[in-house]
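Numbering (the numbering used here), first residue to last: 1172 to 1623.
Structure first, then comments.
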Amino acid sequence: MTAVLSRAATPETPSASAPRTAVGERVALGVLLAATAALYLVGLSASGWANAFYSAAVQAGSSDATAMLFGSSDASNAITVDKTPAALWVMDVSARIFGLNSWSVLVPQALMGVAAVAVLYAAVRRVSGPPAALLAGAVLALTPAAALIFRFNNPDALLVLMLVLGAYFVQRACAPDSSRWWLAGTGVVVGVAFLAKMLQAFLVLPVFGLVYLLAAAAPWPTRLRRLAGATAALIVSSGWYLLLVELWPASSRPYVGGSQDDSIVELALGYNGIGRLTGEEVGGLGNLNFDVGWGRLFGSGMGTHIAWLLPAALVCLVAGLILTRRAPRTDQQRIALLLWGGWLLLTAAVFSFANGIVHAYYTVALAPALGAVLGIGATLLWRRRTDVRATVAMAATVAVTTVLAVVLLVRDGAVLSWLPVAVGVAGAAATVLVAVSGRLPRRVETAAALLA
């Protein structure tokens, strides 16, 4: 695929079927969100109190204002959890309204998952249409790491929702005639993400900043001015809480958990910051698996959480950038590919090569970008399915994804013994159907796409 595939998608001509199509889109979105809610909410009580470390902090925060403010592990305010407490505040409010129980702790997490799917749908739909948006949302909803985190009470749920909002705001900021408030909004929500999980929230910032600076429709002076404003919004949104804790008399607040000198700045930059990259976080065990490298994402820890779709996403990203390489600098579809693709690659690189503490569930931060890249790239290829190069790329992608999925299921032990065989058979059938999709009736083509 070394040349641009010339046949672009032809916009539909307005007709009497347009209202019916709009209704169909809304129904499809409703089904996606309802299914996501069911996936995250049904049987939620089986998780019990989930992570007892954070549930204990919610118990304290739901009964004591000081404990809520600082994220104390207990109502006597001896010590805080080892994170900034924004994610706890959401659960604290829920517990104060509905009483302290596992549902009041976990339902907000599930609802944040549904909201993240909705925002991702909106972001992808703006540049690639409803089919791509539905695929992106479904990938996010069904990724195992997401299905885990949005049924649990770790801070990653709020982190992911805020970062998806941030990416959506960057897309809006890059559009022609965009308001300056979109980019400022990015700074605000990424700041909130920082208050959920500290420096992990900032992994996407280089991508957000560069994409806006290089591709936004506004003139250079306007871009620089708005980027400075967004930086100021980020500093205020994330920094006010650090300043509050640092200025608060240590004798009248709990000790900052995870820090060595009762400093939340040291916690943010050390144990929950640079230390995660270098492995030199004091009090941490570092990376005991000695698995640093790209293979980590495919290893027994992270593999089944996220890995089987990574090769497909890479193919879709490269293909999408090739297909849009001659588009104008401000082309919104290419901007989205650069934005979500940059998020995916940079975050994957950090998770792969970090020498500090890295848990498998961290990969939930890859899921939104994975879904967006797959949705946009696969749709671009599908629209050109009569071109043999696009067909070969799609068929090869489905085949590689199938093989990888079967290998992961067999290696890590599938819960259902017949699942690897079923995945292999379905994947083989999808590969064949996709390979001949350009010569099939429309209904059969649609079936092939759904199976793939």
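Where a beta carbon is used, it is the ideal one built from N, C-alpha and C, also for glycine.
Next item on the list: Mind reading off the beta-carbon distance from residue 1492 to residue 1516? Whole number of angstroms is fine, and I expect it under 8 Å.
Entry: No, residue 1492 and residue 1516 are not in contact; Cβ-Cβ is about 12 Å, not under 8 Å.
Item checked: Runs of alpha helix (DSSP H) wholly within the segment 1486-1544 (minimum 4 residues, chain order) -> List check, alpha helix (DSSP H) in window: 1503-1524.
Item checked: Span of the alpha helix (DSSP H), counted from its first residue to its last, around residue 1368 -> Note, residue 1368: alpha helix (DSSP H), 1351-1368.
Checklist line | Backbone secondary structure at residue 1557 - three-state DSSP | finding: Here residue 1557 sits in coil by DSSP.
Notebook entry, point to check: Can the beta-carbon of residue 1386 be found closer than 8 Å to that of residue 1345?
Noted result: Yes. Within cutoff.
Notebook entry, point to check: Can you tell me the Cα-Cα spacing of residue 1182 and residue 1354, whole angstroms?
Noted result: Reliability fails at residue 1182, whose pLDDT of 38 lies under 50, so the model's placement of it is uncertain and no value is given.
Next item on the list: Report buried or exposed for residue 1583, applying the criterion of at least 16 other Cβ atoms within 10 angstroms of its Cβ.
Entry: Exposed, since its Cβ has fewer than 16 Cβ neighbours within 10 Å.
Check: When we look at the beta-carbon of residue 1302 and count the other beta-carbons within 10 Å, is it buried (16 or more) or exposed?
Finding: Residue 1302 should be labelled buried.
Check: Applying the criterion that 16 or more other CB atoms from any shown protein chain within 10 Å of the CB defines a buried residue, is residue 1625 buried or exposed?
Finding: With the chain covering only 1172 through 1623, there is no way to say anything about residue 1625.
Checklist line | Through-space distance from residue 1442 to residue 1417, alpha-carbon basis | finding: Per the coordinates, the alpha-carbon of residue 1417 lies some 17 Å from the alpha-carbon of residue 1442.
Note to self: Could you pull the DSSP bridge partners for residue 1251 from this structure?
What the structure shows: Note: residue 1251 sits in a beta bridge opposite 1243.
Checklist line | Beta-carbon contacts of residue 1174 that lie in its chain and below 7 Å, excluding the five residues immediately before and after | finding: Legend: pLDDT at residue 1174 = 37, less than 50; position of this residue unreliable, no value from coordinates given.
Margin query: To the nearest angstrom, how far is the alpha carbon of residue 1533 from that of residue 1451?
Written below: Between residue 1533 and residue 1451, the alpha-carbon positions lie close to 19 Å from each other.
Next item on the list: Give the C-beta separation of residue 1562 and residue 1608 to the nearest angstrom, bearing in mind that I take them to be a contact with Cβ-Cβ under 8 Å.
Entry: About 6 Å separates the two Cβ atoms, so the contact holds.
Margin query: Using a 10 Å radius around the Cβ and a threshold of 16 neighbouring Cβ atoms, would you call residue 1604 buried or exposed?
Written below: Under this definition residue 1604 is a buried residue.
Item checked: Where the alpha helix (DSSP H) containing residue 1280 begins and where it ends -> Start and end: 1273-1299.
Notebook entry, point to check: Which ranges would you report for the alpha helix (DSSP H) in the segment 1579-1607 if only whole runs of at least 4 residues count?
Noted result: As far as the segment 1579-1607 is concerned, its whole alpha helix (DSSP H) runs of at least 4 residues are 1590-1606.
Check: From what residue to what residue does the alpha helix (DSSP H) around residue 1314 run?
Finding: In this chain, residue 1314 is not harboured by any alpha helix (DSSP H), its DSSP state being neither H nor E.
Item checked: Cβ-based burial, residue 1358 [other Cβ within 10 Å; buried from 16] -> Buried, by the Cβ-count rule.
Check: When we look at the beta-carbon of residue 1272 and count the other beta-carbons within 10 Å, is it buried (16 or more) or exposed?
Finding: Exposed, because fewer than 16 other Cβ atoms sit within 10 Å of the Cβ of residue 1272.
Checklist line | Top-ranked residue by Cα proximity to residue 1700, from 1598, 1208, 1547 and 1542 | finding: For the chain, the structure presents residues 1172 to 1623; residue 1700 sits outside this window and is missing.
Next item on the list: Can you grab the Cα-Cα spacing for the pair residue 1391 / residue 1398, in whole Å?
Entry: Using only the alpha carbons, I get a separation of about 10 Å.
Check: Just checking, does the segment 1261-1271 make contact with the segment 1460-1472 on the three C-beta pairs under 8 Å criterion?
Finding: When C-beta atoms of the segment 1261-1271 are compared with those of the segment 1460-1472, fewer than three pairs fall below 8 Å, so the two segments do not count as touching.
Check: Start and end of the alpha helix (DSSP H) containing residue 1226?
Finding: Boundaries of the alpha helix (DSSP H) around residue 1226: 1223-1232.
Margin query: Whether or not the segment 1267-1286 and the segment 1478-1489 are in contact is what I'm after, with contact meaning three or more pairs of Cβ atoms, one per stretch, closer than 8 Å; do they touch?
Written below: In this structure the segment 1478-1489 does not touch the segment 1267-1286; the number of beta carbon pairs closer than 8 Å is below three.
Next item on the list: Would you kindly check if the distance between the Cβ of residue 1310 and the Cβ of residue 1513 is under 8 Å?
Entry: Going by C-beta atoms, residue 1513 is not nearer than 8 Å to residue 1310.
Checklist line | Start-end ranges of the beta strand (DSSP E) lying completely within the segment 1367-1435, minimum 3 residues | finding: Runs of the beta strand (DSSP E) inside the segment 1367-1435: none found.
Next item on the list: Pick helix, strand or coil for residue 1346, following the three-state DSSP scheme.
Entry: Three-state result, residue 1346: coil.
Checklist line | residue 1593 vs residue 1307 beta-carbon contact at 8 Å | finding: Judged by beta-carbon spacing, residue 1307 lies beyond the 8 Å limit of residue 1593, meaning their Cβ atoms are not closer than that value.
Next item on the list: In angstroms with no decimal places, state the Cα-to-Cα distance between residue 1201 and residue 1414.
Entry: Taking C-alpha positions only, residue 1201 is separated from residue 1414 by approximately 42 Å.
Checklist line | Nearest-angstrom Cβ-Cβ length linking residue 1211 and residue 1321, presumed shorter than 8 Å | finding: Between residue 1211 and residue 1321 the beta-carbon gap is near 5 Å, inside 8 Å, which marks them as a contact.
Check: What's the gap between the Cα of residue 1476 and the Cα of residue 1270?
Finding: Approximately 33 Å between the Cα atoms of the pair.
Note to self: Would you say the beta carbon of residue 1204 is closer than 7 Å to some non-hydrogen atom of the ligand FAD?
What the structure shows: Looking at this structure, you won't find the ligand FAD or any other ligand, since it has none at all.
Check: Can you name the start and end residues of the alpha helix (DSSP H) that residue 1687 belongs to?
Finding: Outside the shown range of the chain, which is 1172 to 1623, sits residue 1687, and nothing can be said about it.
Checklist line | Cα-Cα separation between residue 1299 and residue 1560, rounded to whole angstroms | finding: Their Cα atoms are separated by approximately 21 Å.
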